[in-house]
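In what follows, a single structure is set out as structure tokens and then discussed.
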Amino acid sequence: MPRFSAASRRSRLRLTLGCVLAVMACTSAAASADPPADGDRDRDFPMRIVAYVANSGSGTASAFDVRLERAVAAPAVGSGPTGVGAAPDGSHVYVANGLSDSVSFIETGSRRAVATVPVGSYPFSAFPSRDGRWVLAANWGSNNVSVIDTASRRVVATPAVGELPHSVAALPDGTAYVTNSGSNNVTVLSKGHEPLAQIPVGDFPSGIVATPKGDRVYVANTGAGTISAIDTATRKVTATWPVGKAPLGLGLSPDGRRLYAADSGADTLLVIDTTTGGVLSQVPVGRTPQGVAVSPGGSRVWVTNEDSDTVSVVDPALTKVRMTLRTGNHPEGIAITPR
């Protein structure tokens, strides 16, 4: 969650949430994730699928080889990084740096930050459009979105949204949906980056994810303990599902049949049936899980654990953690490159 200082951010946001993100008692054993000695040699091989984790307390983005489930790098980014997004072609990863009001561009080939783009106040997330032309940074502190042209690496638009914008989901038609934690709604931005609609949802909406076809959007209402399902054709909530204590980060299986939610209030990953909204299983992970990312084939779900300084690798078929890896301090957002 946003850190207005290394310590005050957490206390401020948890107060806003009414303590629903209070630290729980469950712990997890962490395997060492120091970059291997042959990390540089790995770069001589074709691009691998890599998970990037924003470590808000370290100013780094931990990079993990998804196939081998091991750390390969930890490039420095800005101060207080929180959100991560991966370019559709896998060439870059974008990291929102909350305390330095910027977005870092990481080149996945070199696994190094190659550019820093100034944006609005306290960007919480940075998510690319489906065509890769834009990166949308939700500026928690200035109630707007910075639209970055990925070619020129410049902000080209700054549309106003609701209060305390948190996360962004992009659709194939060029529109984008932005959760507004402070105003309990979702802003729809047009292909031209203009506000089109405000959709009321539950209390303190945070995580958001869209289906591959873009026909449905799911919103985690962290303060209400619910998920809102939005029909993008009508831009209306069609269902509200009670799930867990404080759902936060969301991920979706490639076929759209399973929704994965990090329950930050119960230290679990929830597996949800998107047809019925029923919780199929609850997988214990680390303390205060935040971000969720699904591997391209859907065989693994990665969950960041903010207060354990780890990431849990979950086998969704067996509904259990198969590996726990060490990250930097206070991992939050996570994204996996598509190839």
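Under our numbering, the very last position in the sequence shown is 340; numbers go up by exactly one each time.
Just so it is clear, CB atoms sit at the ideal spot from N, CA and C, and this is done for glycine as well.
Have a look at Q283, D316, S101 and S130 and flag the residue whose alpha-carbon is nearest the alpha-carbon of D174. S130
Given P124 as reference, the closest of T233, R112, A138 and G133 once Cα atoms are compared: A138
Using 10 angstroms around the beta-carbon of R323, count the other beta-carbons present and answer buried if the total reaches 16, otherwise exposed. That one is exposed.
Proximity below 8 Å, CB of S265 to CB of I209: no
Three-state secondary structure (DSSP) of E195: coil
Determine the contact status of F105 and G86, defining contact as a CB-CB distance below 8 Å. Per the sequence presented here, residue 105 reads as Ser, with Phe not at that position. No. Outside cutoff.
The beta strand (DSSP E) with V202 in it runs from where to where? Element bounds for V202: n/a, residue is neither H nor E.
Run through DSSP, which three-state label would E1 get? A query on residue 1 cannot be resolved here, the shown segment of the chain reaching from 2 to 340 and no further.
Of the listed residues A198, D316 and D150, nearest to A294 (C-alpha basis): D316
Count the other CB atoms, across all protein chains shown, that sit within 10 Å of the CB of P166; report buried if there are 16 or more and exposed otherwise. buried
From T328, S153, S229 and A171, pick the residue whose C-alpha is nearest to that of S309; which is it? Checking every option, the nearest Cα to that of S309 belongs to T328.
Residue ranges of each alpha helix (DSSP H) run of no fewer than 4 residues wholly in the segment 75-136, ordered along the chain? none
I'd like to know whether the C-beta atoms of G250 and A263 end up nearer to each other than 8 Å. yes
In chain order, what are the residue ranges of uninterrupted beta strand (DSSP E) at least 3 long that sit wholly in the segment 237-265? 237-243, 248-253 and 259-264
Go through its chain and collect everything with a Cβ distance to V115's Cβ below 6 Å, but skip five positions before and after it. F106 and E108
From P255, G226 and L326, pick the residue whose C-alpha is nearest to that of G278; which is it? G226
Would a C-beta distance cut-off of 8 Å place I231 and V244 closer than the cut-off? no
Please list, in chain order, all residues of the same chain as A177 whose beta carbon is under 6 Å from its beta carbon, the five residues on each side excluded. L137, V169, A171 and L190
Secondary structure at M2, three-state DSSP: helix, strand or coil? Residue confidence for M2 is low, a pLDDT of 48 falling below 50, so the modelled location carries little weight and cannot support an answer.
Go through its chain and collect everything with a Cβ distance to W135's Cβ below 6 Å, but skip five positions before and after it. V148
Report all residues from its chain with a CB closer than 7 Å to the CB of T320; omit the five preceding and five following residues, and keep chain order. V272, S282 and V284
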